[in-house]
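Numbering (this note's numbering), first residue to last: 5 to 320.
Structure first, commentary second.
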C-alpha cells in the first residue's frame, strides 16, 4: 500500500548507462522523480536527455541500470505512461477530432470515455474551435498542441514530453505552459528541454544534464541560489572596440571577482550598485570614457547556472 514501507516514485532510474560505440550517451544516471509534479530534464542538444527518456520508455535498451515506473518494472508500468515526442506524430489527413478518437481506440479506451476525454483536452488546450479542422490546416503551434493531446488520450498517470516548447508561437507557448502546470496537479509531468527560461516558470524540480551526466538537481530557485546567492553585474565590452582587452586587464586586476565570458565581464555582488560605481571610477581614472559599455544589474537565472557549471552556453 502506498505510503507504507518503500516510497513509490513515478519514475526511478538506477545507474543507467548507454554507449554508442566509443560515445557514452548516458553515463551512470540515477534519478527519483516523485508523483504529481512537473520535473524538467535540462541540457543542451546532445546532452543525453532524449536517450535517457527513450530508455525510460523502453524504446532504447540501456547497457546497464534499471528502470521502474510507478514502483513497477518498466514493462509493467508503460501502460500508465504517455509520450509526446519532439517530432510531430499526427495524421495530416484526419480532423483533430478523428485522430483523438483514433488514438483513444488504439489504447482501448471506451468510445464514450474517449469522446469526453477529447473534449476536455480540446477545451484545455484551446483547440475546441478546430475540432472538425483537418490537421494539415493547423498552424505549427496548433499541431504541437495536438501532439500533446494525443499522448494524453488514455489518461496516463505519467506524461513525458520531449521539447514541448519547440517551435511554439507566443500564444501556443502560453497555452502549453498553463496546461502543463495544471496537469502536474494530478499527474507526473516530465519535460526534456533546453529552454531554461520556460523551466524557471513552470518546473517544481529540475535536473541539469551535460555529456550524459547529472550536474545538479533541485528546485529551479535553489539551483540558482546554490551558484549565485547574490545579484549579477555585467559590463558589455561591445562598445569599447580596441580598448576591450585593456579594460579587461585593468578591471581584472582591480576586481578579482570579475570574470570574462565572451564579450561580457561579469561579477556577483551583494551590493552591485556600489560595485558599478567603483568600476566606473576605475575606468575614469584610467582615462577611459564611460558610456561606451553598458553596465547591467540583474538576478541570475538557470542559464547562468549552466554556464557556471560547464563553462559554456546552453546552445554552444
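Built from N, CA and C at the ideal position, the CB exists for glycine as well.
Option in the options with minimal Cα separation from residue i
| i | options | result |
| --- | --- | --- |
| residue 179 | 167, 149, 241 and 226 | 149 |
| residue 142 | 188, 115 and 95 | 95 |
| residue 217 | 40, 50, 16 and 269 | 50 |
| residue 107 | 127, 86, 91 and 90 | 86 |
| residue 155 | 125, 135 and 131 | 125 |
| residue 277 | 291, 239 and 247 | 239 |
| residue 53 | 34, 100, 39 and 303 | 34 |
| residue 111 | 159, 64, 60 and 140 | 159 |
| residue 39 | 67, 21, 25 and 14 | 14 |
| residue 122 | 153, 265, 97 and 92 | 153 |
| residue 267 | 275, 246, 274 and 261 | 246 |
| residue 265 | 28, 168, 291 and 248 | 248 |
| residue 73 | 64, 65, 83 and 157 | 83 |
| residue 1 | 116, 210 and 232 | The displayed coordinates of the chain run from 5 to 320. Any statement about residue 1 would go beyond what the structure contains. |
| residue 56 | 284, 17 and 305 | 17 |
| residue 32 | 210, 62 and 69 | 69 |
| residue 27 | 215, 174 and 222 | 215 |
| residue 200 | 36, 48 and 67 | 48 |
| residue 223 | 29, 42, 22 and 133 | 42 |
| residue 312 | 230, 291, 289 and 134 | 230 |
| residue 59 | 75, 93 and 19 | 19 |
| residue 221 | 46, 30 and 29 | 46 |
| residue 252 | 235, 226 and 283 | 283 |
| residue 202 | 181, 173, 63 and 25 | 181 |
| residue 136 | 97, 77, 193 and 226 | 97 |
| residue 65 | 81, 30 and 92 | 30 |
| residue 298 | 243, 263, 173 and 36 | 243 |
Residue(s) in a DSSP beta bridge with residue i
| i | result |
| --- | --- |
| residue 270 | 238 and 263 |
| residue 22 | 30 |
| residue 71 | 17 |
| residue 99 | 138 |
| residue 36 | 16 |
| residue 76 | 73 |
The alpha helix (DSSP H) enclosing residue i, as first and last residue numbers
| i | result |
| --- | --- |
| residue 277 | 276-289 |
| residue 59 | 53-60 |
| residue 113 | Neither: residue 113 is in no alpha helix (DSSP H) and is coded neither H nor E. |
| residue 258 | 248-258 |
| residue 307 | 306-314 |
| residue 144 | 144-154 |
For residue j and residue i, believed in contact at Cβ under 8 angstroms, the rounded distance
| i | j | result |
| --- | --- | --- |
| residue 237 | residue 279 | 5 angstroms |
| residue 228 | residue 219 | Incorrect: roughly 14 angstroms between the Cβ atoms, too far for contact. |
| residue 197 | residue 138 | With 8 angstroms as the limit, residue 197 and residue 138 do not qualify as a contact, their Cβ atoms being about 29 angstroms apart. |
| residue 44 | residue 162 | That pair is no contact at about 15 angstroms. |
| residue 176 | residue 146 | 7 angstroms |
| residue 286 | residue 261 | Residue 286 to residue 261, Cβ: 14 angstroms. No contact. |
| residue 129 | residue 183 | 6 angstroms |
| residue 204 | residue 305 | 6 angstroms |
| residue 164 | residue 61 | 7 angstroms |
| residue 190 | residue 88 | In fact, because the Cβ distance is near 17 angstroms, the residues do not count as touching under 8 angstroms. |
Residue interval of the beta strand (DSSP E) (run including residue i)
| i | result |
| --- | --- |
| residue 46 | 42-46 |
| residue 87 | 85-88 |
| residue 300 | 299-302 |
Any C-beta of chain D under 9 angstroms from that of residue i
| i | result |
| --- | --- |
| residue 166 | Included in the structure is just one protein chain, with no chain D present. |
Cβ-heavy atom distance, residue i to the ligand FAD, below 8 angstroms
| i | result |
| --- | --- |
| residue 132 | The ligand content of the structure shown is nil, which means the ligand FAD is not present either. |
Runs of beta strand (DSSP E) lying entirely within the stretch 161-234, each at least 3 residues, in chain order: 162-166, 192-197, 209-214 and 217-222
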